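Read the structure below first, then the notes.
Numbering (my numbering), first residue to last: 200 to 345.
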């Protein structure tokens, strides 16, 4: 169930603004407002759970199918050399709602270790252009059962 106080639940429900890449009954994906690199997407389960160990076992597979699809779409849509996929559980988790970071990567992009420098979009139009490119690259790659 969504948590009325949770920012990620509100974005997934369309009650708060966000540059949404996809949304279905399993989860949602939207741009991180403080991206490591432009095009950094957060994938969240629709159910409000705080950590990976709180995610009900029947949702683990469907959730990670969406993470997998977004990782591919980020690479294709942004012409990235690869992606960095990560999640925090409690420590360093700025919003207490499970989320997988899908960060576009390229060789010599400067990301080293676990220091995550942050950037920002010039404006909402630039952010939406990144979301659109990932959204278009997702076409047909998400499971149809969700």
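Note that CB positions come from ideal geometry on N, CA and C, so glycine has one too. Computed from a predicted structure; not experimentally measured.
Where residue i falls, given that 16 or more other Cβ within 10 Å makes a residue buried
i           : result
residue 282 : buried
residue 256 : exposed
residue 259 : exposed
residue 213 : exposed
residue 323 : exposed
residue 342 : exposed
Coil, strand or helix - residue i by DSSP
i           : result
residue 213 : coil
residue 269 : helix
residue 257 : helix
residue 339 : coil
residue 279 : coil
Own chain residues within Cβ distance below 8 Å of residue i, not counting five before or after
i           : result
residue 252 : 288
residue 241 : 207, 228, 229, 230, 231, 298, 299, 300 and 301
Beta-carbon proximity list for residue i, same chain, < 6 Å, skipping 5 on both sides
i           : result
residue 285 : 300
Own chain partners of residue i with C-beta closer than 7 Å, once the 5 adjacent residues on each side are dropped
i           : result
residue 271 : 340
With three or more C-beta pairs closer than 8 Å as the rule, is the region 327-342 touching the region 269-280? yes
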